[in-house]
Amino acid sequence: MQQGLEATPNIRNTFLIQLLFNKGLHIGEALALFMEGFIFDHGKGHRIRLVDRRELENGAILKTAEREMYVSPPFSK
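Take the sequence shown: its position 61, counted from the start at 1, is 68 in the numbering used here, and no numbers get skipped.
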């Protein structure tokens with residue numbers, strides 16, 4: 008995984024790789040993320056909300072149930 012992270016040209020791709028490996032997201036779930044799915048809450052903890060938006064233009068689809076995941080400190084910086 009470290010080689011993949013070192014080879015990524017930008018922070019977005021680095022974030023996506025870490026999300027896939029560390030949180031176990033499917034590629035379609037990562038592609039279906041929107042900015043409003045990121046919940047920044049210092050009191051209760053930062054979270055990512057996966058919402059079923061049906062099939063999107065990019066072919067992404069949520070194959071699991073809608074859910075929220077807490078984000079560990081490396082992701083929340």
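By construction, the Cβ of each residue, glycine as well, lies at the ideal position given by its N, Cα and C atoms.
Under 7 Å Cβ to Cβ from residue i, same chain only, skipping five residues before and after it: list those, please.
| i | result |
| --- | --- |
| Val78 | His53, Arg54 and Ile55 |
| Phe45 | Ile55 |
| Leu26 | Leu32 and Ala37 |
In or out: residue i buried (at least 16 other Cβ within 10 Å) or exposed?
| i | result |
| --- | --- |
| Glu36 | buried |
| Leu32 | buried |
Who pairs with residue i in a beta bridge, going by DSSP?
| i | result |
| --- | --- |
| Met76 | Ile55 |
| Ile46 | Arg54 |
Using a Cβ-Cβ cut-off of 8 Å (strictly less than) and excluding sequence neighbours within five positions of residue i, which residues of its own chain qualify?
| i | result |
| --- | --- |
| Glu75 | Ile46, Arg54, Ile55, Arg56 and Leu57 |
If you run the structure through DSSP and keep just helix, strand and coil, what is residue i?
| i | result |
| --- | --- |
| Ala14 | helix |
| Arg61 | coil |
| Ala39 | coil |
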